[in-house]
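K.L.:
Residue numbers are given in the working numbering: position 102 of the sequence shown equals residue 646, and the series is strictly consecutive. Okay, handing you the structure first.
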Amino acid sequence: RGIKRVSYAMTKLLVLFMAMFLVGAPVIAADLSGVWTLRWEPDFGGHLDAYDCTFKQNSRVLTVNCREDAAMSGEVDGQVVTIRFKTGRDGNENATLTGEVNQQANKITGEWRLSEQNRTGKFVATKQ
C-alpha cells in the first residue's frame, strides 16, 4: 500500500513537470518567406514611411530585399526576428531591427536602432 502511494505521487509529479515544460516551451515561428509591408514609425530621417520587402527564410537565416537597396541579413530565433544592415550616406552606420512575430506569423512588431547615433524608433512589418 505504501508503494502504491509513492507511485501515485510520483506520477502526479511527473505530469505536473510535463505540463510546466509544455506551457513554457518556446513557440517556433512559421516560415516568414513572402512579401511584407515594412512601416517605419518613424524612419531614420524622422518621417513615417512604408514599402514592400521580400523576406526569404532558410531555417533560422533570413534575407530581406526592399526596393533597390542592398539585401539585409537576419535571423529568426523562435518568435524573435533580428535584421541587420548598413545605412547612411557612406554606408558606414549599423542599423538593427529587432521584433517579435505574432502567433499567426503575419505581423512583426519591434524597434530599430542606429548604433552610432544611439537613435531608436519603431517598426511594424505585415505579411501580405
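Beta carbons: idealized from backbone N, C-alpha and C, even for Gly. None of the values given here were measured: they were computed from a predicted structure.
Report the rounded CA-to-CA distance for Glu660 versus Thr631, giving the unit in angstroms.
P.N.:
So the alpha carbons of these two residues sit roughly 11 Å apart.
K.L.:
Below 7 Å CB to CB, which residues in the same chain sit around Cys610 once its five sequence neighbours on both sides are set aside?
P.N.:
Around Cys610: Leu582, Tyr595 and Cys597.
K.L.:
Below 8 Å on the Cβ atoms is my contact criterion, and I expect Ser617 with Phe599 to pass it. Report the Cβ-Cβ distance as a whole number of Å.
P.N.:
Ser617 to Phe599, Cβ: 12 Å. No contact.
K.L.:
To the nearest angstrom, how far is it from the Cα of Ser603 to the Cα of Arg657?
P.N.:
Their backbone Cα atoms lie some 25 Å apart in a straight line.
K.L.:
Look up Gly643 in the DSSP assignment and give the residues it is bridged to.
P.N.:
Looking at the DSSP assignment, Gly643 forms a beta bridge with Val625 and Gly654.
K.L.:
Over the uninterrupted beta strand (DSSP E) stretch that includes Leu606, give me the two end residues.
P.N.:
Leu606 -> beta strand (DSSP E) spans Val605 to Cys610.
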